DNA sequence: TCCTGATTAGTCAATCTTGACTAGTCAGGA
DNA sequence: TCCTGACTAGTCAAGATTGACTAATCAGGA
């Protein structure tokens, strides 16, 4: 489970004991920019981490509400946190952009339409940027990450402008379709 | 399954009929920058897409190798491709960066060590950039995406420099731990 | 020729993720 | 007071993803 989600949960529990629901709420409202952890997944991970001995919990009950498990980090958990923290800060994994898949097949569309669609994306990006720009100081300690997003978005915007210009410049050469190669089909073409 | 993976598979099959293994190889060698589709997942998705009627296959056998299913896109698949293509190009979903999680808890480390670790990340990033820079013209039509990665990496590098400087400037104020709040614990603080 | 390790092709059980569900509580309007 | 819709807290079965496995073929060296 050497996953960034575990790092996330441990990092929060390190600062404050919490029960599952509270943990999910916290992430959803304060750290949504860097993680999308569904409620059910959070519970699943907490179970696993408890089995690992990284967290421990205490069952509490109020009235006849469902009992809550209040989790706290254990010494083993702290150790894991320190280890994963170092791994996370040291490594670089290239980011994947969902929008890239479409760009890989951009030649399937007429340049004019492609440009039109991309301009809609541009508008969505600009809106996201404006919204980020108006984000106030953040309680969850996510200022750094918000700024990262801001910077990234600005770069994306510039890049997209470039792409649009390039797409518009291309005359639409309908790509011809090759049928299945006979055998030994290698991906490289001569 | 309105997923970018389906768009990816359809986009490739649109250009050329392929069997499962071939499809996975193609993605792995030509489109790794924008997708990481495991072999087993590819087969799973192809099954589903066949059930949807987006692709059809023809079983072929050679000697007593395991039989191969050669997939081709159907008219319904082409329709789905066009639809998903438009959705993909139009929308903007903010990217998530795995490294951000660590930054959210950067105050857990002494500034000096944090800076040291981040410098290692910087080195890894620089190496990735050099490698990208030396990538030759790409057969899979991924030039646009490779350039995207290049641009993004350059921006990341600049940003990381900023972060390192900022981290180094902070005197290490050990953050105190709050214990669980008594009740009605809201995430916002006054 | 025979052996070894790489490549081709695909399957499967175990694990992870998710949307939908249960069920009690609470605030405020009719 | 009673009803409604939102909030709190967590569970569950269905669906998705993965690493590990099987099994044949092939290239090339001993």
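Protein chains in written order, with this note's numbering: chain A, -15 to 174; chain B, -15 to 174.
In this text, a Cβ means the ideal position worked out from N, Cα and C, and glycines have one as well.
Predicted, not measured: the structure shown is a model, and the values here were computed from it.
Considering only beta carbons, the part of the stretch 125 to 144 of chain A lying closer than 7 angstroms to chain B consists of 125, 126, 128, 129, 132, 133, 135, 136, 139, 143, in chain order. Taking residue 17 of chain A as the centre and dropping the five residues before and after it, the same chain places the C-beta of 126, 129, 130, 133 closer than 7 angstroms to its C-beta, in chain order. At a Cβ-Cβ threshold of 7 angstroms, residue 109 of chain A and residue 141 of chain A count as neighbours. Bridge pairing for residue 39 of chain B: B:57 [DSSP].
The beta carbons of residue 86 of chain A and residue 69 of chain B sit closer together than 7 angstroms. Put simply, the backbone Cα of residue 15 of chain B is about 21 angstroms away from that of residue 102 of chain A. Per DSSP, the beta-bridge partners of residue 44 of chain B are B:52. The continuous alpha helix (DSSP H) containing residue 12 of chain B extends over residues 4 to 14. Across the structure, residue 56 of chain A and residue 71 of chain A are spaced so that their CA atoms are roughly 23 angstroms apart. Where residue 103 of chain B is concerned, the enclosing alpha helix (DSSP H) starts and stops at 95 to 117. The closest CA to that of residue 30 of chain A, considering only A:114, A:4, A:137, is found on A:4.
Look at residue 133 of chain B here: in three-state DSSP terms it is helix. Between residue 26 of chain A and residue 22 of chain B, the alpha-carbon positions lie close to 25 angstroms from each other. Going by beta carbons, residue -5 of chain B and residue 89 of chain A fall inside the 7 angstroms limit.
Exclusion of the five residues before and after residue 93 of chain A leaves 101 as the residues of its chain whose Cβ lies within less than 8 angstroms of its Cβ. Separation of residue 54 of chain B and residue -10 of chain B (C-alpha to C-alpha, rounded to the nearest whole angstrom) is 17 angstroms. CA-to-CA, the gap between residue 148 of chain A and residue 65 of chain A works out to about 44 angstroms. Taking C-beta atoms as the reference points, residue 106 of chain A and residue 144 of chain A count as a pair closer than 7 angstroms.
For residue 60 of chain B, the closest of B:75, B:13, B:35 by C-alpha to C-alpha distance is B:35. Residue 95 of chain B has its alpha-carbon roughly 59 angstroms from the corresponding atom of residue 49 of chain B.
Looking from the CA of residue 135 of chain B, the closest CA among A:78, A:152, A:153, A:161 belongs to A:78. DSSP, reduced to helix, strand and coil, places residue 160 of chain A outside both helices and strands of the structure shown, so it counts as coil.
Under the Cβ distance rule, residue 104 of chain A counts among the residues neighbouring chain B, one pair being separated by less than 7 angstroms. For the stretch 71 to 94 of chain B, the set of positions with a beta-carbon nearer than 8 angstroms to some beta-carbon of chain A reads 72, 73, 74, 75, 76, 77, 78, 79, 80, 81, 82, 83, 84, 85, 86, 87, 88, 89, 90, 91, 92, 93 in chain order. Under the Cβ distance rule, residue 33 of chain B does not count among the residues neighbouring chain A, no pair being separated by less than 7 angstroms.
Taking the C-beta atoms as reference points, residue 152 of chain B is found no nearer than 7 angstroms to residue 75 of chain B. Listed in chain order, the non-local C-beta contacts of residue 1 of chain A below 6 angstroms within the same chain comprise 54, 56, local neighbours out to five positions each way being set aside. Straight through space, the alpha carbons of residue 104 of chain B and residue 8 of chain A are spaced by roughly 32 angstroms. Where residue -12 of chain B is concerned, the enclosing alpha helix (DSSP H) starts and stops at -12 to -1.
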